[in-house]
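Participant: Please read through the structure below; I'll follow up with questions.
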Amino acid sequence: MAILVCGGAGYIGSHTVKELVNTYDVVVLDNLTTGFEKLIDSKATFVKGDLGDQVVLDEIFTTYKIDAVFHFAANSLVGESVEKPLTYYRNNVGATLVLLEKMIEHGVKRFIFSSTAATYGIPNTDIITEETATHPINPYGRSKQMIEQILADMAHVYDFHYIVLRYFNAAGAHESGEIGESHDPESHLIPIVLQHLLGQRKKISVFGTDYETADGTCVRDYIHVTDLARAHILSYEGMADGRVANNVYNLGNGAGYSVNEIIRTCERLSGKQATIDYAPRRAGDPAILVASSQKINEEIGWKPDFDLTAIIASAWKWHSK
Ligand code: UFG
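So for the sequence shown, UniProt numbering puts the first residue at 1; every next one is plus one.
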């Protein structure tokens, strides 16, 4: 039996494939619009194609014995989703529906879905649990929430089981140093700061200094990409042996760091000093997003191995290569 990883050429997908291939046969489906073929581990089988392409899906599900689908393929930039809502609903909702229909048609019963802290919108609590109300404030968060609701409806009527993983801020690079965070264009804080410290960008813009946080900059919960990858595998194994199904879990470290704290940690680990431009707020940014991951710890036995220093050290190692 094999695992189909949709979006396995992307940042989080490729790190999960690298962990999966140690134990499982893996088929990667990716159209390479935002992913990179060179990130896919050579032990995986790569199929270049669209998630919404019924012919490609039929071919995969008839050629390989797929036991579960890990679904990472999505557009994932909050700001871009406000500018291009139809693109986000087409790719994140429309194409996912085609995949889900094909899974039902071919009798594939297990699904692990990449969701996001953006489903919570502006939470009314400092530590977000899965019970915290979801009120997404942008099309990206809404597109993920829609699929979460569709999965719950499917599990009522089909022999179909899912786990939803709501990621907080994924960061860091694989310990092999072979793959790391790579988006084009890059919009994420840690790679931008590290690229600047390596002389690849003139300065860093800090978006907003007047938030209701200790130093006025936004606070986020950063989680190492390998910790995320391991959570997927544990979730799959928990589903496969019947311990868990049809659940939603947060994935974070449970610690919040401000934009200024991230920049200072990057400076400390690189031994270099940043040039900072204090800019206005970026649209759609909540002040604080910090997760409780107690539920997945109790039910699946997952806990993060990497703290902020280890996350940024791994990213620095990869970027400076
Ligand atoms: N930031 C800056 N300057 C930059 C880039 C980012 O100040 O050049 C700030 C942002 O305003 C934000 C923080 O750094 O306050 C983190 O920003 P990122 O762009 O790195 O990450 P986001 O929190 O916006 O979003 C990420 C994922 C989303 C996911 C979200 C969930 O990209 O897909 O985490 O928390 F929804």
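Quick reminder that beta carbons are idealized off the backbone N, C-alpha and C, glycines included. This structure is a prediction, so every number in the text was calculated from the model and none was measured.
Taking buried to mean at least 16 other C-beta atoms within 10 Å of its own C-beta, is Y158 buried or exposed?
Facilitator: It counts as exposed.
Participant: Considering just the uninterrupted stretch of the beta strand (DSSP E) at C6, what are its terminal residues?
Facilitator: Start and end: A2 to C6.
Participant: Count the other CB atoms within 10 Å of the CB of T62; is the residue buried (16 or more) or exposed (fewer)?
Facilitator: Label assigned to T62: exposed.
Participant: Quick one: give me the first and last residue of the beta strand (DSSP E) that A68 is part of.
Facilitator: Run containing A68: I66 to H71, per the beta strand (DSSP E) assignment.
Participant: Taking Cβ to Cβ, would you say G256 is nearer than 8 Å to S293?
Facilitator: No, these two residues do not count as a Cβ contact at 8 Å.
Participant: How would you call P280, buried or exposed, if buried means at least 16 neighbouring beta carbons within 10 angstroms?
Facilitator: It counts as exposed.
Participant: Counting C-beta neighbours from all protein chains within 10 Å, is the total for H232 16 or more, i.e. buried, or is it exposed?
Facilitator: Looking at its Cβ environment, which holds 16 or more other Cβ atoms inside 10 Å, H232 is buried.
Participant: Is it right to say T265 is buried, meaning 16 or more other beta carbons lie within 10 angstroms of its own, or is it exposed?
Facilitator: Its Cβ being crowded by 16 or more others within 10 Å, T265 is buried.
Participant: Strictly by DSSP, which residues pair up with I128?
Facilitator: Paired residues: A291.
Participant: Rank R268, K303, V28 and I3 by C-alpha distance to the C-alpha of A9 and give the top, closest one.
Facilitator: The shortest C-alpha separation from A9 is found at V28.
Participant: Between V26, S115, A133 and H106, which has its C-alpha nearest M146's C-alpha?
Facilitator: For M146, the nearest C-alpha among the options comes from S115.
Participant: Rounded to whole angstroms, how far is the Cβ of H224 from the Cβ of A310, which I believe are closer than 8 Å?
Facilitator: Right, their Cβ atoms sit about 7 Å apart.
Participant: Buried or exposed: residue 323, going by 16 or more other Cβ atoms within 10 Å of its Cβ?
Facilitator: Any question about residue 323 goes unanswered here, given that the chain covers just 1 to 321.
Participant: Looking at the strands, I want to know which residues DSSP matches up with N169.
Facilitator: N169 is bridged to Y222.
Participant: Can the beta-carbon of H106 be found less than 8 Å from the beta-carbon of L194?
Facilitator: No, they are not a contact pair.
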